[in-house]
Structures are given as C-alpha cells and as structure tokens.
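So the structure is just underneath, and the comments pick up after that.
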Amino acid sequence: MDTALGRRLARWRQVPSGRLVAPVACALYEVFFLTRYISLPDGPLTPTALLALLCITLASTIGVFFRYRAPFAIVVLESLLTLCSEITFLTFVPLCMAVFAVIAKARPVKGLVGGALAFVAVLPEAIAGGFAGNAIIRSCLLTVAVVGGLVSRMQRAKREAIQEIEREHASRRRAERRSRIAGELHDSVGHDLTAIIALAEGLCESDDEDARRVSALIGKLARSGLADTRSAVRAISAPIDADPAGSSAPSRGDDLHDLDELRACMDDIRATGIAAVLTTSGKHPSDEGQDDLCFRIAREAATNSIRHGRSVTRVSVALDFDDEGSCTLTVRDDGCHPKTPARAGFGLSRLQDEVEHVGGTWRAGPARDRGWEVVATVLRFGRRDTGQGDFDA
Numbered sequence: 008m009d010t011a012l013g014r015r016l017a018r019w020r021q022v023p024s025g026r027l028v029a030p031v032a033c034a035l036y037e038v039f040f041l042t043r044y045i046s047l048p049d050g051p052l053t054p055t056a057l058l059a060l061l062c063i064t065l066a067s068t069i070g071v072f073f074r075y076r077a078p079f080a081i082v083v084l085e086s087l088l089t090l091c092s093e094i095t096f097l098t099f100v101p102l103c104m105a106v107f108a109v110i111a112k113a114r115p116v117k118g119l120v121g122g123a124l125a126f127v128a129v130l131p132e133a134i135a136g137g138f139a140g141n142a143i144i145r146s147c148l149l150t151v152a153v154v155g156g157l158v159s160r161m162q163r164a165k166r167e168a169i170q171e172i173e174r175e176h177a178s179r180r181r182a183e184r185r186s187r188i189a190g191e192l193h194d195s196v197g198h199d200l201t202a203i204i205a206l207a208e209g210l211c212e213s214d215d216e217d218a219r220r221v222s223a224l225i226g227k228l229a230r231s232g233l234a235d236t237r238s239a240v241r242a243i244s245a246p247i248d249a250d251p252a253g254s255s256a257p258s259r260g261d262d263l264h265d266l267d268e269l270r271a272c273m274d275d276i277r278a279t280g281i282a283a284v285l286t287t288s289g290k291h292p293s294d295e296g297q298d299d300l301c302f303r304i305a306r307e308a309a310t311n312s313i314r315h316g317r318s319v320t321r322v323s324v325a326l327d328f329d330d331e332g333s334c335t336l337t338v339r340d341d342g343c344h345p346k347t348p349a350r351a352g353f354g355l356s357r358l359q360d361e362v363e364h365v366g367g368t369w370r371a372g373p374a375r376d377r378g379w380e381v382v383a384t385v386l387r388f389g390r391r392d393t394g395q396g397d398f399d400a
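The opening position of the sequence shown corresponds to residue 8 in my numbering, with each subsequent residue numbered one higher.
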C-alpha cells in the first residue's frame, strides 16, 4: 500500500529485529497449542507419538525462520509436514506463512506450484471432514495467504519500478548538469582563450624582440589551454558508462599526456625567469595512465608554486621509479609560503583523490629547509603496458 501505514510496514520489514516478530509469534503459538494438546486426556501419551509430534512441530517452526531465504523449499517442507501430521492445526499457521513468502518472493512458477502444494496438503483432511467446518476455514485462510502474497509482490514490484524511475531521473539530471558545464566551458573559457590567442598573434608582429618572444609564449600557452578545455568539454559531454573491466584508472579517452611533455612545461617555467629542473631515476615503465597522472600532478604543483609562492626562484620536479614501476613524484620550490596554508584548491584536491583512488599516497606541505613540496607515489595502472622504456629527461 502506497500509504503512510504501508511505508511504515515496509521500513519495519527492513529492520532485522522486525523480521523476527512473525516467526517468534508463530513459535509461541506452536508452544501454546502443543502444550494444550498434550495436556488433553485423549492426547498422544505414548512416547513414540509424542516424539513424532514434537519433531514435526519443531521442524515446522524452524522452517518459518527461513521462509524468505528459501521460500519454495520451505513451502514444500511445510506441505510435507502437514501431510504427515494428524494434528494439522499445529502445522497450518507455518504453512500459511510459507505460502505467503513463496507467493511474495519466489518466481511466479514456483509461487504457483508452492500454493498448489499447500492446498494439496490440506486436501486429505478436507475430504475426511466432508469439506465442512475447519476445512472451509483453512481453505479460506490459505486463500488469504495467497492474496496477501500477491499484494506484497505487486507492492514490491511497484517500489522497484519507482526506484528505477528515480535513478533514471537522477542520471538525466547529472547528464544535464554535465552538458551545461560543458557548454559554459566551451562558450566562456574557450572564447576567452581564443581571444588571447588572437591578441598574442597580433603582438607577434611587433618590432620589439622581447614582446614577440613573450607574445609567442602567451599564444603557445593559450593554445595548450584551449586544447585542454576542448578535451575537458569532450570528457564532460561523453555519456557516463561503467567500466566493464572494472579498471581503477581514470578514463580520459585519447587525450593522455606523456612525460615528454614535462620538458615543454619546464621550458615554459624557465621563460618566466624561474629556474626549472627535471630529474628522473630508475627504470621508467611505459604506462600511459601513470604518465598522464604524473604529468598533471607536476604541472598543477609547479603552477601553484608560481602562483602562490613568494620570491620563488627555482622549481624542481623529480621522478623516482622503483623496481615495481611505481613512481615517487616530488615537486619542490624555494619560495616563501604561509605557515598555515589556505584550504587546498580544486586542482590538487582532485589529483590527490585520483592518486589515492589507484592506491597511491599523497603529501603536500612545507619543505624541510624552505619552500613547499608535493610528494605523490603513483602506482602503475597496469593498462596499455607495452614493456619497459627509458624516459630521457
């Protein structure tokens, strides 16, 4: 029922302790009527009959606790116990609960067969009683259990359909947000970078050598930024598909950076008047995902050093590869930084998440002597591994 009571019952059924209420109540019912029956003057007083009755009642009660884990098996068990027992009122309540469970939870065919078995189980007593009295009452109760199971099944199917619709709506909203962000990047940032490129090309025609050199560098950086912006727009606009292989490496399409681009990055830093040093050690594995992440970390950390550091005269980038192919990347500057730095920006925070997502480590803070350093251990992604190679710094 899609009402307040129905929602409360659904939440109650999801609580582990709430699921035990019905089986415990059934067990109390069995104990009460079993003791009453044994105490009757014409009850089963022989030890063999008493033991058989106890075993049937115990098995019937235990089956109730597992009716949702194996609904078809339990309804078969309860039906057989009802057929074997001459005292059917002790097994009838567990049988009804098993019928409800098999109709509500099992596949339709098993639910149909389970319900039919339950009616067959009470048929001998109904025939013996001439289809009157208790036989009619028990048939009606079994029918109620079947109807209740069908209602529960339909309600569960309705809830699952609603949840699926909500997931589709959430996915559509995410896609719309991604499309809007991609449009804003394309329209605003892309336009600004294109304008910068046009202005830089105009300055290149100047007679001043320094102005031409600086404008050429501005144009180069703007083109690189425009290419990265277009790459980001394509990545954001792409549909969100789960990685079937379960790869932990971030998917960036074909726009992966390699470590050779670090040289160009170092040249750009030197063009600003800051000394830039790139060193490597160890055997460099040809892992495109690892190279791309190392490049982006080095570029972002070096950019932050120039942007936020004071009196920065030197930026060093060191890549140390161990025997397993993991890379310890260290980016350090010699500038002055506040003792209590501001909250980490989006760039480094995002890169830290990527490093830790693939099992690496991250540390950023003041260097031992002076300046600021970022130290990241980037593991091999194990993707597109084409063998061992050397990276010439």
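By construction, the Cβ of each residue, glycine as well, lies at the ideal position given by its N, Cα and C atoms.
- Under the DSSP definition of a beta bridge, R317 partners with C343.
- By alpha-carbon distance to A133, the top candidate from L124, I144, A123 is I144.
- The beta carbon of I63 sits closer than 6 Å to the beta carbons of L88, S92 from its chain, once the five residues preceding and following it are set aside; these are given in chain order.
- One thing to note: V127 has its Cβ no nearer than 8 Å to the Cβ of S67.
- DSSP, read as helix, strand or coil, puts V240 in helix.
- A contact between stretches requires three or more CB pairs, one per stretch, nearer than 8 Å, and the segment 143 to 161 fails this requirement with the segment 178 to 187.
- G122 and A168 have their alpha carbons spaced roughly 26 Å apart.
- Going by DSSP, G70 is part of the alpha helix (DSSP H) stretching over 54 to 72.
- By alpha-carbon distance to A383, the top candidate from D298, K165, I110 is D298.
- Per DSSP, reduced to three states, the secondary structure at S333 is coil, with no helix or strand assignment.
- If you check the CB distance, V319 and G354 do not come in under 8 Å.
- Distance from the CA of V381 to the CA of S356, rounded to the nearest whole angstrom, comes to 12 Å.
- The Cβ atoms of D275 and L228 sit closer than 8 Å to each other.
- Around the Cβ of Q170, a 10 Å sphere holds fewer than 16 other Cβ atoms; the residue is exposed.
- Out of G378, K165, T55, K112, the CA that lies nearest to the CA of Y75 is found in K112.
- When the five nearest sequence neighbours on each side are left out, the beta carbons in the same chain lying within less than 8 Å of the beta carbon of H344 are those of H315, G316, R317, P373, G378, W379, in order along the chain.
- As summarised for the segment 121 to 182, there are no continuous beta strand (DSSP E) elements at least 3 residues long confined to that stretch.
- Selection D376, A371, C334, L263 evaluated against A309 yields A371 as nearest (Cα-Cα).
- With a 10 Å radius around the Cβ and a threshold of 16 neighbouring Cβ atoms, F107 comes out buried.
- For V38, the enclosing alpha helix (DSSP H) has its first and last residue at 28 to 45.
- Annotation for R370: the continuous beta strand (DSSP E) segment containing it runs 368 to 373.
- The C-alpha of C103 lies about 40 Å from the C-alpha of A177.
- The C-alpha of F388 lies about 16 Å from the C-alpha of Q359.
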